[in-house]
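Protein chains in written order, with the working numbering: chain A, -2 to 552; chain B, 5 to 351. Glycine residues also receive a C-beta, built at the ideal position from the N, C-alpha and C atoms. Since the structure is predicted, the reported quantities are computational estimates derived from the model, not experimental observations. What follows is a single structure, written as structure tokens, with notes after it.
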């Protein structure tokens, strides 16, 4: 029988906090064969990154204790027993690693070539000239165009995708047998993500290298992983061959992960939620009726945006300034009680457009016409509210939840008594599914999904006619994302709010929207009924975007 | 927690939480106690309740602290006036008044004789200065000036710096340019020259002048840091959310962002208190400080400079120890406050 390349056996790991210790990993076991790609999938807090760091020996020894029965076997060595010195010889040379954010993983004051050569001279003991040649070879191997010119470029001069390619080049420069990729594409756009995944796949085939691929997105790994390990709360839920995981998952949690992500094919009335699926009997839950989305002839135009542009001045030197057009001549319409989805990659101007529509930044050009019913609220906060992407930054850390939700009431309804405000806040908190016993707590005590609910409750306090959701679910785990999307749909059904839903994730936008507008470099590429745009995209850019969406396991 | 007591203008629950945490922190409470004790001392001496008689020459000059036994010095000091009287004829010249004076002295020994040294104390709790005044009482009296100068000037400087920094960082644009220009002008002028200029304009000596001088010159560091904090925070999503909600500039600046800069403000405040107590020494040395008839820790340290050569160290001990204790307690207190005001820090 073949001996596996890396074998993790009964790995249990604790974080020490003073006298107490918290178990982070509970009896993790898996093997990686030579040349195999193993995907470690789990939501935040599942322990997937900690597992990778434990293999690399990068965990701080004074804060972490590994159970004595745990073994991580690499050839004939047990990695848990290695000294720092021995571990260092392994890292980079035998096991390479790439991280999530390429921008912060590269040193901004060193050129790409210097950083690459640092690893090469260290691991391969080559002279300057050979090392340079090797570095250029690596750069062209990872698909950097004109490697000779890029060699002397600084990281900020490269795009995000190119930076990640450089990171990969650095990780493979010691010709490792195992590459650990920790969420390598999460910070990248979908089209770039696809390119990077293909690069990793190609490298593993050429170099016969094993890959430990860590991600939160189960759909992503279907196309190229050989084996999948699903983790939750520090334990393994299911291990299996990719095909089995996708076609015949045994564990309800794995099934939930697959189901709670909106797909391009179906639009259930409610997205299934992990808790529901875990509690459900073995045969699963009842199939949901489909929700109908789309603009009909009866729908009223609530807001029509005409020729909106935004130009930012960019100062160059002391006196001269140039301009950057973030949004160029965008027109769109929003119907009452409907959702306009805006989709685009980073730099497409979708967030700038959202901020302009919400009245947070002024427009350079263009104007917005509102339905006559709205004329008495134009210019007030009751017209339009916005929910931001990062639920960690959009709540003031020094305010209690009560104060956060109470603030719009204080500002806009000065006649309300304290008792009335208290009742109203409790009602709002109930609407978004939180308990009113949590009101005296501070934002940091809540999870990402709960914080996003608080932000939604704050917006609802003003009973706005329009709600802008700027990447509001992008920072959330898939299971939490489903809950927040369900909440938004319920609120839309209940209050007939019109939503402007901005996201880079086409499947989420398609699920939420009646109409979709695709943006690229500040311009509108394509607008249309959402199902129509997804099923028969007219423009090449849209087609490209749709084909880059991870499809899960295809057979 | 009582969250219903939220008032529109400020967030008492943050303060409630901070107080609750402060009470739990033993070292913080101790330092709060020490700071309060010093403030009480200075208030007491200001109102004349304690240390009212600090300028009475109750002991022999340079009387050592009472924990030192120096009976030899005791005899020396007592015999000195007798020697002095006889020295008048040293140059062989006749003193025409001596006979008269001697007569007067003999007739009214109680009135004209300088206070009899034998009645003065030879040892004091913390020793005596060169006029025989109690160092302990001087230290108490000196706290009045030093704490007033240190605390009030630091508060003035921190307030000016915070408000200007908030305006510059929050509004940016020409407001920022203008305030930065003002800041650059202020920092470009040498510090002492600036102090001379302000002193010349104010044209009077006294504690108020020192507070004004230090307050008006000391805001620059705070300004720079608070400006940077505001630059960072004004684009944060919670501030944008407040804007979308219709919160005014004032509300965003002082109710949303300000509490998030407390850590910087408090650290700067405590650094300034320490710095200003020391600055008062320099100002006194330059003659812009307190008048000669007023005592401060600064002037005591100044006197101690010369006395140290003679081996007289108790004045330094008195002022130095008081200053060290206050300054340490104050830094610990601001540190505790900073933690207490941050809801994220787990107590």
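Per the DSSP secondary-structure output, residue 300 of chain A pairs in a beta bridge with A:331 and A:367. For residue 260 of chain B, a Cβ of chain A is located within less than 7 Å of the residue's own Cβ. For residue 425 of chain A, the closest of A:460, A:478, A:393 and A:391 by C-alpha to C-alpha distance is A:460. Spatial neighbours of residue 25 of chain A in its own chain (CB-CB distance under 7 Å, excluding positions within 5 residues in sequence) are listed in chain order as 5, 8, 48 and 233.
Secondary structure of residue 67 of chain B (DSSP, three-state): coil. Along the segment 369 to 386 of chain A, going in chain order, the ones with a CB nearer than 9 Å to a CB of chain B are 377, 378, 379, 381, 382, 383, 384, 385 and 386.
The C-beta distance from residue 176 of chain A to residue 166 of chain A rounds to 12 Å, too long to fall under 8 Å, and the pair is not in contact.
In the structure shown, residue 42 of chain A adopts coil according to DSSP, grouped into three states. Non-local C-beta neighbours of residue 229 of chain B in its own chain, meaning closer than 6 Å and more than five positions away in sequence, comprise 268, ordered along the chain. Contact between the segment 124 to 137 of chain B and the segment 34 to 45 of chain B is absent, with fewer than three C-beta pairs closer than 8 Å. The segment 492 to 502 of chain A and the segment 345 to 364 of chain A touch, with three or more beta-carbon pairs separated by less than 8 Å. Residue 339 of chain A has A:499 and A:514 as its beta-bridge partners, per DSSP. Remark: C-beta atoms of residue 235 of chain A and residue 212 of chain A do not approach each other more closely than 7 Å. For residue 405 of chain A, the nearest beta carbon of chain B is closer than 7 Å to its own beta carbon.
Between the alpha carbons of residue 265 of chain A and residue 50 of chain A lies a gap of roughly 39 Å.
Taking C-beta atoms as the reference points, residue 323 of chain A and residue 307 of chain A count as a pair closer than 7 Å. For residue 158 of chain A, the closest C-alpha among the options A:201, A:174, A:173 and A:97 is that of A:97. The three-state secondary structure of residue 227 of chain A, taken from DSSP, is strand. Residue 440 of chain A is classed as buried because its beta carbon has at least 16 other beta carbons within 10 Å across all chains shown. Closest by C-alpha distance to residue 453 of chain A, out of A:433, A:402 and A:88, is A:402.
Considering only B:138, B:306 and B:166, the residue with the shortest C-alpha distance to residue 55 of chain B is B:138. Ranked by Cα distance from residue 78 of chain A, the options A:86, A:88 and A:67 are led by A:67. Within chain A, the C-beta atoms nearer than 8 Å to that of residue 241 of chain B come from 385, 386, 387, 390 and 391, in chain order. Residue contact with chain B for residue 439 of chain A: present (Cβ-Cβ distance below 7 Å to some residue of chain B). Annotated as distal: residue 147 of chain B and residue 281 of chain B, with beta-carbon spacing of 7 Å or more. With its beta carbon at least 7 Å from every one in chain B, residue 331 of chain A lies outside the interface.
Separation of the CB atoms of residue 31 of chain A and residue 39 of chain A is rounded to 25 Å, and the pair is thereby denied contact status at 8 Å.
Cβ contact annotation for residue 227 of chain B (same chain, cutoff 7 Å, sequence separation greater than five): 165, 168, 169 and 187, in chain order.
Residue 26 of chain B and residue 344 of chain B have their alpha carbons spaced roughly 6 Å apart. Residue burial is scored here from C-beta neighbours: residue 237 of chain B has at least 16 other C-beta atoms within 10 angstroms and is therefore classed as buried. By the beta-carbon neighbour count (other beta carbons within 10 angstroms, threshold 16), residue 57 of chain A is exposed. Residue contact check for residue 355 of chain A against chain B: a CB pair falls below 7 Å. In this structure, residue 211 of chain B lies near residue 152 of chain B, with their beta-carbon atoms less than 7 Å apart. When rounded, the separation of the alpha-carbon atoms in residue 103 of chain A and residue 164 of chain A is 7 Å.
Residue 162 of chain B places its beta carbon less than 7 Å from that of residue 272 of chain B. Per DSSP, reduced to three states, the secondary structure at residue 325 of chain A is strand.
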